[in-house]
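Each position in the sequence shown, counted from 1, maps to that position plus 7 in the working numbering.
By construction, the Cβ of each residue, glycine as well, lies at the ideal position given by its N, Cα and C atoms.
Below is one structure, written out as structure tokens; comments come after it.
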Amino acid sequence: GSQSAPTTQVVSGMLLGLRGGDVVTGVVLKLPVAAVGSAPTTARFGLADSTGTILVLSGNLNAAASWTLGSAGFAFTATYTVLADGGFFPCFVVDGIWGTTQPTIAYVQAGNAPNYTAFGSNAPRGFRWAAQTDLPAIGASLTITAGITIPYYMAVY
8 GSQSAPTTQV VSGMLLGLRG GDVVTGVVLK LPVAAVGSAP TTARFGLADS TGTILVLSGN
68 LNAAASWTLG SAGFAFTATY TVLADGGFFP CFVVDGIWGT TQPTIAYVQA GNAPNYTAFG
128 SNAPRGFRWA AQTDLPAIGA SLTITAGITI PYYMAVY
């Protein structure tokens with residue numbers, strides 16, 4: 008499948024539907040290649056609502072041991088209970104690189120790209136926001152830029 012290393016200082020997010028009452032404890036990425044070596048400065052995960060407001064965050068999960076081969080889970084510092092049905096963005100940012108091997112993350116293949124653009128005035132199904140060294144604080148907002156055509160596969164648990 009298609010895969011790439013995360014670009015330093017770029018927030019990536021993918022829109023997922025969640026239901027009121029769902030309890031979310033972290034983000035899952037599919038990693039075909041694991042990280043090896045010294046850690047980047049920051050690797051943080053979060054969950055934002057469809058307007059970009061950050062609801063919950065992880066700690067700094069930059070250690071290579073966190074970025075393991077396969078379906079890697081990245082836990083938030085607290086659980087989040089979804090208040091109402093809607094669209095939410097699991098997201099992450101990495102500031103820097105690993106010393107030896109960059110992890111790669113599976114992403115939607117280009118043939119599926121038309122399915123990932125925004126419908127009308129709704130939120131795009133995936134986005135990238137450049138020049139960011141960390142995620143905004145809880146209650147602050149992401150800048151959800153125009154939709155991208157090849158978002159990373161992300162899930163929540």
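Enumerate in chain order the residues of its own chain whose CB-to-CB distance from residue i is below 7 angstroms, with the five nearest sequence positions on each side excluded.
i           : result
residue 34  : 52, 81, 97, 99, 161, 163
residue 45  : 105, 106
residue 85  : 63
residue 138 : 16
Out of the options, state which residue places its alpha-carbon closest to the alpha-carbon of residue i.
i           : options         : result
residue 49  : 62, 69, 36      : 69
residue 26  : 141, 109, 89, 9 : 89
residue 146 : 56, 135, 152    : 56
residue 94  : 139, 66, 54, 75 : 54
residue 143 : 65, 13, 14      : 65
residue 101 : 141, 22, 21, 91 : 141
residue 13  : 83, 136, 132    : 136
Once the 5 residues before and after residue i are set aside, which same chain residues still bring their CB inside 6 angstroms of it?
i           : result
residue 159 : 19, 112, 114
residue 30  : 86, 88
residue 37  : 78, 113, 160
residue 151 : 59, 134
Residue i lies in the beta strand (DSSP E); which residues open and close that run?
i           : result
residue 25  : 23-25
residue 73  : Element bounds for residue 73: n/a, residue is neither H nor E.
residue 93  : 93-102
residue 32  : 30-38
residue 133 : 133-137
residue 62  : 61-64
residue 149 : Looking at the DSSP string, residue 149 is not in any beta strand (DSSP E), and its letter there is neither H nor E.
residue 55  : 49-56
residue 162 : 161-163
Mind checking residue i: buried by the 16 CB within 10 Å criterion, or exposed?
i          : result
residue 28 : exposed
residue 71 : buried
residue 42 : buried
residue 73 : buried
For residue i, I'd like the list of residues in its chain whose CB is within less than 8 angstroms of its CB, leaving aside the five on either flank, ordered along the chain.
i           : result
residue 76  : 38, 39, 40, 41
residue 24  : 92, 93, 94, 95
residue 67  : 49, 50, 51
residue 109 : 12, 13, 40, 42
residue 61  : 53, 54, 55, 142, 143, 144, 145, 146, 147, 148, 149
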